[in-house]
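Which chain is which? The protein sequence lines are F and L, in order. If you want this note's numbering, it's the 1-based position in the first sequence plus 517. If you want this note's numbering, it's the 1-based position in the second sequence plus 3.
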Amino acid sequence: MKNQEEIERQINETLGVLEGIGRAEPRPFFQTRLEARMQQRYAPLPKFMARPAFVWSFLVLVVLLNVGVLIRYSQKTVSEPQNANTFAKEYGLGAFDTNL
Amino acid sequence: MDEKQLITDLQKGSQSAFRHLVDSFQNKVFNTVLSIVQNAEEAEDVSQEVFIEVFESVVKFKGEAKLSTWIYRIATTKALEQHRRKKASKRFAFLTSLFGENDEIVHHPADFEHPGVVFENKERAKILFKHINQLPDNQKVAFTLCNVEGLSYQEISEVMQLSLSSVESLLFRAKTNLRKTLKEYYVNQII
Chain F
518 MKNQEEIERQ INETLGVLEG IGRAEPRPFF QTRLEARMQQ RYAPLPKFMA RPAFVWSFLV
578 LVVLLNVGVL IRYSQKTVSE PQNANTFAKE YGLGAFDTNL
Chain L
4 MDEKQLITDL QKGSQSAFRH LVDSFQNKVF NTVLSIVQNA EEAEDVSQEV FIEVFESVVK
64 FKGEAKLSTW IYRIATTKAL EQHRRKKASK RFAFLTSLFG ENDEIVHHPA DFEHPGVVFE
124 NKERAKILFK HINQLPDNQK VAFTLCNVEG LSYQEISEVM QLSLSSVESL LFRAKTNLRK
184 TLKEYYVNQI I
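Encoded structure:
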């Protein structure tokens with residue numbers, strides 16, 4: 518019984534701590550930090566990046582890289598018996614049947 | 004500055020109007036966000052995002068609600084998003100800890116201390132905020148706006164876009180849940 522009363526008292530006191538709570542404030546110079554973040558966010562691209570010559574060169578480079586990768590990987594075969602044999606040798610798998 | 008004029012200036016992209024807005028609302032936004040995310044650094048970050056959102060979407064603001072209501076709405080939405088992200092990352096941290104080297108949980112968040120609480124109530128406030136953090140999102144927002152930010156039921160209903168009776172019901176359920184979880188906590192402490 519006494520414990521119940523004590524628990525009720527504790528609950529009421531804990532719920533009461535928010536009465537008269539002050540407002541939390543951000544660290545000083547919040548406005549300055551916000552402005553710096555916004556400047557960074559809305560900063561225009563460097564001038565040279567906006568030039569058509571740069572944009573086109575960049576696009577051509579991306580296309581060339583893609584074509585290069587495509588050509589390189591389309592020439593590779595999926596599996597070769599020699600590779601399987603080399604693998605078997607390396608790991609000491611004497612009876613490795615490559616026809617499986 | 005008159006609110007209508009302030010909105011018009013903001014919509015025209017006036018920097019001084021934006022500075023005035025930040026100056027007027029930074030404490031309200033920070034206090035609300037902090038009470039929801041319960042971490043000062045995250046609260047600063049989210050508060051900045053709130054003002055960026057205000058700056059970017061003020062052109063679409065038609066004045067159907069008060070400016071403060073609209074800003075509180077953005078603040079609570081962004082704070083809840085952060086709160087959910089944190090909860091999800093905690094769950095992930097728990098999972099990774101299961102497979103970690105030392106079987107230790109890596110993330111140990113310190114108990115949150117609201118700077119507006121008077122010194123002698125700090126310990127109790129830590130316990131209370133821990134339990135507030137366990138409330139369902141909408142109860143947490145309603146309880147925070149009412150008891151930490153001091154908004155009226157009417158203002159909360161406008162911010163949360165709910166009827167007055169729904170807000171009353173949310174607050175009643177929040178208090179009931181807090182009483183229940185606090186009881187469990189104190190039963191273990193006292194007995």
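Glycine included, C-beta positions come from ideal geometry on N, C-alpha and C.
Against chain L, with Cβ distances strictly below 7 Å, would T603 (chain F) count as a contact?
Closer than 7 Å: no.
Please classify F33 (chain L): is it buried, with 16 or more other beta-carbons within 10 angstroms of its beta-carbon, or exposed?
buried
How do the segment 82 to 91 of chain L and the segment 122 to 129 of chain L stand: do at least 3 beta-carbon pairs fall below 8 Å, yes or no?
no
Determine whether the beta carbon atoms of Y189 (chain L) and I538 (chain F) lie at a separation below 7 Å.
no
7 Å Cβ cutoff, E522 (chain F) in contact with chain L:
no
Which listed residue (L:G119, L:S92 and L:V144) has its alpha carbon closest to that of I78 (chain L)
The amino acid at residue 78 (chain L) is misidentified as Ile; the sequence shows Ala. The closest CA to that of A78 (chain L), considering only L:G119, L:S92 and L:V144, is found on L:V144.
Under a Cβ-count criterion, where at least 16 other Cβ atoms within 10 Å of its own Cβ denotes burial, should P545 (chain F) be classed as buried or exposed?
exposed
Smallest Cα separation from R550 (chain F): which of L:V49, L:R94 and L:K31?
L:V49
Report the neighbours of E530 (chain F) on chain L: residues whose CB is nearer than 7 Å to its CB, in chain order.
Against chain L, a Cβ distance below 7 Å from E530 (chain F) picks out R127.
CB-CB length for V61 (chain L) against Q14 (chain L), believed under 8 Å
Contact between V61 (chain L) and Q14 (chain L) is confirmed by a C-beta separation of about 6 Å, below the 8 Å threshold.
Interface positions of the segment 525 to 558 of chain F facing chain L (Cβ-Cβ less than 8 Å), listed along the chain:
Q527, I528, E530, T531, L532, V534, L535, G537, I538, G539, R540, A541, E542, P543, R544, F547, Q548, R550, L551, R554, M555 and R558
Taking Cβ-Cβ distances below 8 Å as the criterion, which residues of the segment 51 to 67 of chain L are in contact with chain F?
Correct list: Q51, F54, I55 and F58.
Are L548 (chain F) and V40 (chain L) touching if we call contact CB-CB under 7 Å?
Looking at the sequence itself, residue 548 (chain F) is Gln, so the reference to Leu does not match. No, these two residues do not count as a Cβ contact at 7 Å.
With a threshold of 6 Å on Cβ separation, who are the neighbours of S166 (chain L) within its own chain once the five nearest residues in sequence on each side are excluded?
none
Taking a contact to mean a Cβ-Cβ separation below 7 Å, would you say A91 (chain L) touches L138 (chain L) in this structure?
no
Kindly list the residues whose CB is nearer than 7 Å to the CB of W73 (chain L), restricted to its own chain and excluding five residues on each side of it in sequence; keep chain order.
F64
Per DSSP, what kind of secondary structure is V163 (chain L) in: helix, strand or coil?
In the sequence as displayed, the identity of residue 163 (chain L) is Met instead of Val. Three-state DSSP puts M163 (chain L) in a helix.
Y75 (chain L) versus S27 (chain L) - alpha carbon distance
Answer to the nearest angstrom: the Cα atoms are 13 Å apart.
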